[in-house]
Structure formats: structure tokens, C-alpha cells
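Residue 26 is where the sequence shown starts when you use the numbering used here, and the numbers rise one by one after that.
Using N, Cα and C, we set each Cβ at its ideal position, and we do this for glycine too.
Below you'll find the structure, written out as C-alpha cells, and then a few comments.
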Amino acid sequence: MNVTIDCTLIHTKEDLHRIFAESLSFPDWYGNNLDALHDCLTSLSGTVRLDGWEEAEANLGKYGTAAKKVIVSAGFENKNLDIIL
């Protein structure tokens, strides 16, 4: 899987989870929270490019900072996944 996500479309927590779930075909059980995001990212393989992440992170404030930590951590833990910020 090679996916590019337009993160400039992310303005709210709900946007973040909806866009990631749709773009990465997360399962129906996806919980729309950072723990579930981590779980799903660590089960993927391929490359995920996050275009405009800086804008999304700024829009989300502290939640954006926390989300970035989760995304980077998942990419570090999952050797089958490359995350490009």
C-alpha cells in the first residue's frame, strides 16, 4: 500500500480520524481515538505520506502534537510501514 493523505483537510479531531480511516481502509472496529490509530498503523505495510501535516498539527493544537507522537511511534514500531511527514 502506498497512500498520500492531504492533511490540509484536517481541521478537527473528527476530520483526522475520518480521513485516516477512509484513506487507509481501517476496519469497522476503528475507535476514532489515538490508541486505535496506533493499533491500525502498526498493522499496515507500505508507505504513508502525510502532505501538509504541519497545517493539520497546527489546526489540532495539543491533540495534533499527541497525534504526531502516535504516528511517529507507530512508524518506528512497525518496520513494514514508512511514514513520511
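Sequence-distant Cβ neighbours of Asp31 in its own chain, meaning closer than 7 Å and more than five residues away, are Asp76, Gly77. In its chain, beyond the 5 residues on either side, Asn57 have a beta carbon closer than 6 Å to the beta carbon of His42. Ranked by how close their Cα comes to the Cα of Glu79, the residues Leu59, Lys93, Phe45, Thr72 have Lys93 in first place. Nearest neighbour of Glu39 by Cα position, chosen from Lys104, Asn84, Asp64, Asp107, turns out to be Asn84.
Judged by DSSP in its simplified three-state form, Asn103 adopts coil rather than helix or strand.
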